[in-house]
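**Q** Per my numbering, residue 13 is the first one in the sequence shown, and the count goes up by one each step.
The structure under discussion is supplied below as structure tokens; questions concerning it will follow.
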Amino acid sequence: HLATSIYLQMALKPDIIHIVGYTEADHAATAEDVIESSTIARRAIENAMRGAPDMLSDPKVKNRINWLLHEAQITLNAIRFLSANSSIDPLIDPHVLAQSVITGIMDAPQLKNNPYASGTISTRIINGSCKSVSKTGKAISEQLRIEAVLKKREE
Numbered sequence: 013h014l015a016t017s018i019y020l021q022m023a024l025k026p027d028i029i030h031i032v033g034y035t036e037a038d039h040a041a042t043a044e045d046v047i048e049s050s051t052i053a054r055r056a057i058e059n060a061m062r063g064a065p066d067m068l069s070d071p072k073v074k075n076r077i078n079w080l081l082h083e084a085q086i087t088l089n090a091i092r093f094l095s096a097n098s099s100i101d102p103l104i105d106p107h108v109l110a111q112s113v114i115t116g117i118m119d120a121p122q123l124k125n126n127p128y129a130s131g132t133i134s135t136r137i138i139n140g141s142c143k144s145v146s147k148t149g150k151a152i153s154e155q156l157r158i159e160a161v162l163k164k165r166e167e
């Protein structure tokens with residue numbers, strides 16, 4: 013798992029790699045574990061740099077990247093909208109960010125029973141992508157989801 017995740021990360025050409033010890037699910041890493049994990053990671057990096065296929069050139073991957081960036085901008089704009097000019101930068105303002113969780117702009121199914129979060133979002137894996145879905149199970153755009161969240165907030 014460690015080697016595979018590092019190998020895949022290399023497709024993004026990162027400046028920094030964070031190595032998680034392969035033993036951490038079982039126990040805190042010892043010095044030997046850290047050395048072995050680093051050796052595994054180094055080998056995965058070397059293999060990736062020696063001619064791994066360019067996964068980012070795949071048209072499906074490019075389309076997914078563009079779609080994610082577009083959807084993320086919708087979410088970020090909704091967070092900015094919450095501040096109503098009350099914050100210099102709403103994306104780092106803890107009150108605005110807390111409000112975005114409370115209202116459901118930033119939401120996750122795992123927040124369902126959290127008293128400080130909305131937890132009303134439903135998601136499904138559709139064609140390999142995690143997507144927000146309506147009550148009928150159909151994929152919905154972030155724009156439609158955010159509009160529903162903001163409409164509910166106004167009520």
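All C-beta atoms in this analysis are idealised placements derived from N, C-alpha and C, irrespective of residue type, glycine included.
1. Give the straight-line distance between the Cα atoms of A168 and G140, rounded to the nearest whole angstrom.
2. Any chance the region 114-122 sits against the region 89-106, with 3 or more Cβ pairs inside 8 Å?
3. What residue range is occupied by the uninterrupted alpha helix (DSSP H) comprising I86?
4. May I ask you to report which of helix, strand or coil DSSP gives T135?
5. Would you tell me roughly how many angstroms separate the C-alpha atoms of R136 and L162, rounded to the nearest one?
6. Which two residues bound the contiguous beta strand (DSSP E) that contains S141?
7. What would DSSP say about A41, mapped onto helix, strand or coil?
8. With a CB to CB cut of under 7 Å and the five nearest residues on each side skipped, what residues in its chain are close to I31?
9. Would you report the Cα separation of S17 and T35, rounded to the nearest angstrom?
10. Starting from L20, trace the alpha helix (DSSP H) in both directions and tell me its first and last residue.
11. Checking the sheet assignment: what are the DSSP bridge partners for A53?
12. With distances taken Cα to Cα, identify the nearest neighbour of Q85 among N97, L103 and K72.
13. Just the C-alpha distance for G33 and I47, rounded to the nearest angstrom, thanks.
14. Does the Cβ of V108 have 16 or more other Cβ atoms within 10 Å, making it buried, or fewer, making it exposed?
**A** With the structure as the only source:
1. Shown here, the chain extends from 13 to 167; a query on residue 168 therefore has no answer.
2. Segments in contact, yes.
3. P71 to S95
4. strand
5. 22 Å
6. S141 to V145
7. coil
8. Taken in chain order, the residues that qualify are S49, S50 and A53.
9. 15 Å
10. L14 to Q21
11. Paired residues: none, contrary to the question.
12. For Q85, the closest of N97, L103 and K72 by C-alpha to C-alpha distance is L103.
13. 9 Å
14. buried
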